[in-house]
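Number of protein chains: 2
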Amino acid sequence: MVNFAANTFAMNKCDQCIVRQLSSLKALNKEEVIKLANSKTTHKIKKGEAIFEEGEVTNGVFCVKDGIGKLSKLSSNGKDQIIKLVKSGELLGQRSMISNEPANLSAKAIADMEVCFIPKSEIINFFNNNNQFSLNLMQSVCEDLKESENDKIALVQKTVKQRLAETLLHLHEEFGENTDKTLKVQLTREELAGMIGTATESCIRLLSDFNKLELIELVGKKIVLKNVKALKKMAEQL
Amino acid sequence: MVNFAANTFAMNKCDQCIVRQLSSLKALNKEEVIKLANSKTTHKIKKGEAIFEEGEVTNGVFCVKDGIGKLSKLSSNGKDQIIKLVKSGELLGQRSMISNEPANLSAKAIADMEVCFIPKSEIINFFNNNNQFSLNLMQSVCEDLKESENDKIALVQKTVKQRLAETLLHLHEEFGENTDKTLKVQLTREELAGMIGTATESCIRLLSDFNKLELIELVGKKIVLKNVKALKKMAEQL
DNA sequence: CTATAAATATGACATTTATCATATGAAAAT
DNA sequence: ATTTTCATATGATAAATGTCATATTTATAG
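Residue numbers (the numbering used here), protein chains in the order written: chain U, 1 to 238; chain Z, 1 to 238.
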């Protein structure tokens, strides 16, 4: 009885979690969710702190319950190249877990985060016994791959200006805006530069230009998109 | 008896195939290899011809038995950005098959190719019934993802000169050289430019520079790496 | 074999972007 | 409150790269 109650409680906890609703984990059945709830651990990560660093062996995946994180890699010249931003509902560290390799990227919090850690053994177990789960997981990696390939093309074929416009639109679409219309993800100019792959000064300069052209408005360090249509046009053509 | 003989023959054909030895297909058991051999179709693709074009629904995967292919995407400005080269032993079209999406990239032969087509139904069947196969497939997509992410970083953080040096080394390492020491993959300058993401003229100019510096030698349209050490140095630092 | 087209090569120049210097404003530390 | 530090901002300049023009060579078609 005590066990039953505990399990029910645990199950509900994971069952209602946003990650369970949005990620590959949606394929898990009740029994599996209970196992999950019993094996997971929850962690709070403060803004700026790392969930894991590149080169670390993670031995499991992280579910993002709340907050925003960045996946990035440090280059030889000391710059931090952001590969991807993650928000609540997403899984982290799947790739290196499956490849049996240390993390290729670092994961750090951009806004305070709450994440759950699921040990590798659980995931492998689900993977082997639940075809829908393995298919979902596979599809999510495939989605990442497609996005990465498209990013690669954009990096090569678009100018810094176009990439900045594109990235601002993307941030707006994916993370939304605050009540004062400013973008919800608050990146420093340096981080934004790291995302589009340019020098911090170039990024700042272009933001100034966009501001003068009234495409965006700079409210202190925050950014408001004022003319989405024109930004889209800028992101597309020259 | 007739059936048995036919199956044995078919199994052997796929069983000894290089793709079977190198790709996710190595996890298949005898019975599965027989099924595979009976459902696959073999195709010859001439240099320059397409295996599939971006936007097409492929409904299966292609095994590269022989030859070299390129995965590329046409950009709005008409340039063909090469994402990846494939050689014998590799699978093609896994991503779009699993994502249930039309191909994101085009696959074309750079050297005459021989490929086998395996229908989606077979692959899904293997995926659902053979855990090792699904894990292998997953790992191969993960490997592609890691490579793509690293490429992304290189594109942003390295100069065109560095990327050219890196790409030449990579082509040498992955595809080897002919008896006259020239690189085995023979790309046009335009294709090479497409790989490193630069203008054709810039690529030609840098090849000339490398030639003058005796890092490489240009034998007509072919390329010989003369100073691998110096090329490596160039690819790394500035 | 010649004519035509395509790929390679190179110069001249324009544009984009990075780098360095320096200023200003905002946040953090003492 | 003041100093120190850090992010943002902007100008001046250099370096990298793209674009256009135009040979030259090589491949292809007739």
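Ideal placement from N, C-alpha and C gives every residue a C-beta, glycine not left out. If you're wondering where the values come from, they're calculated on a predicted model, not measured in any experiment.
Asked	Found
Please identify the residue among ALA27/U, ASN38/U, GLY93/U whose C-alpha is closest to the C-alpha of GLU56/U.	GLY93/U
What are the uninterrupted segments assigned as alpha helix (DSSP H) that are 4 or more residues long and contained completely in the region 11-68 of chain Z, given in chain order?	18-22, 30-39
Determine the direct distance from the alpha carbon of SER39/Z to that of ALA6/Z, and round the result to whole angstroms.	Note on ALA6/Z: pLDDT 46, under 50, position unreliable in the model; no value is reported.
Is GLN81/Z buried or exposed, if buried means 16 or more other CB atoms sit within 10 Å of its CB?	buried
Use the C-beta contact count for LYS30/U: other C-beta atoms within 10 angstroms, 16 or more gives buried, fewer gives exposed.	exposed
Within its chain, find whatever has a CB closer than 6 Å to the CB of PHE210/U; leave out the 5 residues flanking it on each side and keep chain order.	ILE216
What does ASN38/U reach in chain Z if we use C-beta pairs closer than 7 Å?	Per Cβ cutoff of 7 Å: no residues; ASN38/U is ~23 Å from chain Z at best.
For GLU217/Z, write down the residues that DSSP places opposite it in a beta bridge.	VAL224/Z
If you follow the beta strand (DSSP E) that SER106/Z is in, where does it begin and where does it stop?	106-119
Taking the beta carbon of ASN104/U as the centre, do at least 16 other beta carbons fall within 10 Å, making it buried, or is it exposed?	buried
Nearest-angstrom Cα distance between THR182/Z and ALA111/Z?	15 Å
Identify the contact partners of GLN139/U in chain Z, using a Cβ-Cβ distance below 9 Å as the criterion.	ILE98, SER99, ASN100
Among the residues of its own chain, which have a CB less than 6 Å from the CB of THR41/U, if the five just before and after it don't count?	PHE117
What residue range does the alpha helix (DSSP H) around ASP209/U cover?	200-212
Alpha carbon to alpha carbon, how far is CYS203/Z from VAL86/Z?	22 Å
Does the count of Cβ pairs from the region 138-158 of chain Z and the region 137-155 of chain U closer than 8 Å reach three?	yes
Measure from the alpha carbon of GLU114/Z to the alpha carbon of each residue in GLN186/Z, LEU25/Z, LEU225/Z, LYS44/Z, then state which is nearest.	LYS44/Z
At a CB-CB cut-off below 8 Å, which residues of chain Z make contact with ARG257/U?	Past the edges of chain U, shown from 1 to 238, lies residue 257/U, and the structure says nothing about it.
Can you check whether the C-beta of SER75/Z is within less than 8 Å of a C-beta belonging to chain U?	yes
Can you tell me whether DSSP reads SER72/Z as helix, strand or coil?	strand
Beta strand (DSSP E) containing LEU85/Z: first to last residue?	80-87
Cutting at 7 Å between CB atoms, please list the residues of its own chain near GLU214/Z, excluding the five before and the five after it.	LYS226, ASN227
Mind checking if SER202/Z is an interface residue toward chain U, Cβ cutoff 8 Å exclusive?	no
Cα-Cα, which of LYS13/U, SER96/U, SER23/U, VAL19/U is closest to ALA37/U?	LYS13/U
State the CB to CB distance for the pair ILE83/U and LYS152/Z, rounded to an integer number of angstroms; the pair is presumed to be in contact (CB under 8 Å).	7 Å
With DSSP as the reference, please indicate the residues paired to LEU137/U in a beta bridge.	None, per the DSSP bridge assignment.
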